[in-house]
Amino acid sequence: MTNPILNPVAKQHRDNTFSEYEVALANRNSGTLLESLQQEVTPVGAHYLLSHFDIPFVNDAANWDLNFHGCFDSPFTLNFNDLTNYPEITQRVTLECAGNGRRLVAPHWPSQPWGHEAVGTADWTGVRLGDLLEQASISPACTEIVFHGTDTGIDGGAVHNFARSLDVEMAQHPDVMLAYAMNGQPLAPQHGYPLRLIVPGWYGMASVKWLSEIEAIDHAFQGHQQVGTYVYREKAGDTGIPVTEMRIRSLLVPPGIPDWSTRKRLLKPGNTKIVGRAWCGGGRPVAKVELGIDDQWHEATLTPATSPYAWSHWEAEWLATEGHHIVSCRATDAQGSCQPIEPYWDTAGFGNNAVQRVEVWCEDY
Ligand SMILES: Nc1nc2c(c(=O)[nH]1)N[C@H]1C(S)=C(S)[C@@H](COP(=O)(O)O)O[C@H]1N2
Ligand SMILES: [Mo]
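Adding 4 to a residue's 1-based position in the sequence shown gives its number in my numbering.
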C-alpha cells in the first residue's frame, strides 16, 4: 500500500463546507479575538498563532545554539547566552498571517481557515540580525540568507524543516531582528522559544520561529515554504509572485453583543462608537480609514501609529438606527492603495485584504 502522507492526493478547492481537518487546524492555530483589537499591544495569550508542524520542545535556552554557515567568510556558532553581547533593541510590530481571510475567498483552499483573526501586535525584544551578519561576514558570491527553524513535518508529500530566505539586502535591513522576548517576557513555546526572526512589515511566514541555523547561499532558495507555498498564484503550477509585504488592511471591533454561535450582533439603537485598527506592510503609514454603514462610507478619526511597523487605532461615531445593518471599514495607505470590497483571487487564499463585514441587528432589548 502506498503511504498517503508521502504520496498525497492533490488538494481540491471547497465550496462553503469545511472538512474535519480544517476544523482541527483551526483549533491548533488560534486567532486573536476581535475585541482585543482595543488593545494597542496584544496580550501574548491573545496573539494569533500559526505553526505548521509540532512545537519543538525546548527545555532551556542556555542549550540553544545559533549556527551561521554556508558562504560566510567567518562562519560561527553562537550560544543563546552570547546574544547579550550585542546591543538590545525593542520594536513594536504588527504581524499578520498571509492566509488571513482565506476562508472568505470562494471557493476556498483547504488549509488553516482564517477569517479575520490572524493578526496581532507585540513588543519584540532582541538584537539586530545585521549585527550578527556583519560578524559572520557575507561573502560576495552570496545572494540569499536562509533561516532554518528546527520544526519538521510534511507538506505536499515533502519532508522538510520550516525554512525561509531573504535576499541579502533585506536580511541586512536594520529593522530585521532576532527576538528572544515578546511583551517583555521570554518567548512562549508556541511563539518560537527561545529565538525567532522578526521581519517587520512582511506577512508572518517570513518571521521564522525556533531559529537555529542561518545559512548564506549563492542561489535562489528552493525550500517548500519558499517556492511551494507563500506565492500568489492564479492557479496551481503557476510560477507566481512571492508573498512579501502585508497589504493595507483594517478591522473593527464588532459593536453590541454577540449571538453565541453565529457571532451576529445585537445593538441598542443610538450613538455608538466604533473602534478598530488599521495597518500596512513595508513600514508604510495608513493614510485614511473609513467606516462603512450599509456601504455608505464616512471618514474615521485615525491616530498615528506608535511605531512604523505597528497598527494604528481608529474610531468613528455612528448613530445606529433600528433595523439590520452591515458595518464595515476600509483603509487606504499613503500610496493610495485601498482595500477591495471583494477578495482578490489567489488559489491558496493568500493576501485577502477585502473589507470586513459585520452583520448587526439594531433593536432595543
Ligand atoms: N519555524 C517556524 N516558523 C514560523 C512558522 C512555522 O510554522 N514554523 N509559521 C510562520 C507563519 S505562517 C506565521 S503567520 C508566523 C506566526 O507567528 P506566531 O505564531 O508567533 O503568531 O510564524 C511564522 N514562522
Ligand atoms: Mo502565516
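We treat Cβ as the ideally placed atom computed from N, Cα and C, and that holds for glycine.
For a quick check, are the C-beta atoms of residue i and residue j less than 7 Å apart?
i    : j    : result
T36  : G119 : no
F22  : P117 : yes
L199 : L215 : yes
A102 : V247 : yes
T154 : P79  : no
E238 : P114 : no
K277 : E363 : no
V109 : G353 : yes
G244 : Y236 : yes
I345 : V359 : yes
A280 : L256 : The sequence shown places Gly at residue 280, rather than the Ala named in the question. Yes, Cβ-Cβ distance for G280 and L256 is below 7 Å.
I221 : V150 : yes
K213 : G232 : no
S40  : A30  : no
G286 : G205 : yes
A291 : D337 : yes
A324 : P273 : yes
A140 : F76  : yes
L271 : P258 : no
W283 : H328 : no
R169 : Q230 : A small fix is needed here, since residue 169 is Ser in this sequence, not Arg. Yes. Within cutoff.
V62  : D127 : no
Which residue comes first and which comes last in the alpha helix (DSSP H) that contains residue i?
i    : result
L137 : L133 to A140
L29  : E24 to R32
Using CA coordinates, which residue listed in the options is at the minimum distance from residue i?
i    : options                   : result
N83  : G208, L136, P114 and H51  : L136
S3   : T129, L70, A167 and Q43   : Nothing can be reported for residue 3: it is not among the residues displayed for the chain, which extend from 5 to 369.
V131 : Q300, H164 and N89        : N89
Q226 : H152, H17 and H73         : H152
C146 : D159, H164, V172 and A126 : V172
E217 : P204, M209 and L182       : L182
P347 : G285, I142 and H112       : H112
F72  : E44, V293, E138 and D299  : E138
N165 : L133, P273, Q194 and H228 : H228
E249 : I297, G188 and T98        : T98
T129 : M186, A122 and A175       : M186
D179 : G157, L38 and A314        : A314
A122 : R253, P12, D368 and C342  : R253
E294 : R361, N7, W349 and P312   : R361
H223 : R288, V163, E148 and I297 : E148
N85  : Q189, N11, G74 and L70    : L70
Q339 : Y184, N67, R288 and S143  : R288
E92  : Y207, P312, S265 and Y184 : Y184
Q16  : G160, S341, W264 and D64  : G160
I142 : G296, T266 and E219       : E219
T310 : A162, N67 and W318        : W318
What residue does the beta strand (DSSP E) around residue i start on, and which one ends it?
i    : result
W301 : Q300 to E303
Q360 : Q360 to C366
V97  : E92 to E100
R253 : R253 to L256
D155 : E148 to D159
G74  : D69 to G74
R18  : R18 -> no beta strand (DSSP E), and no H or E assigned at all.
S216 : L215 to I221
N83  : F80 to N83
L201 : R200 to I202
Can residue i be considered in contact with ligand 4, in the sense that its beta carbon sits closer than 6 Å to one or more heavy atoms?
i    : result
Y313 : Among the ligands modelled here, namely ligand 1 and ligand 2, ligand 4 does not occur.
Start-end ranges of the beta strand (DSSP E) lying completely within the stretch 169-198, minimum 3 residues: 181-186
Tell me which residues pass a beta-carbon proximity test against ligand 2: closer than 7 Å to any heavy atom, given in chain order. L54, C101, A102, G103, A122, Y207, G208 and M209
Could you give the uninterrupted runs of the beta strand (DSSP E) lying entirely in the stretch 279-340, keeping only those of 3 residues or more? 290-297, 300-303, 316-324 and 327-337
Which runs of the beta strand (DSSP E) at least 3 residues long sit entirely within the stretch 230-274? Give them in chain order. 253-256 and 269-271
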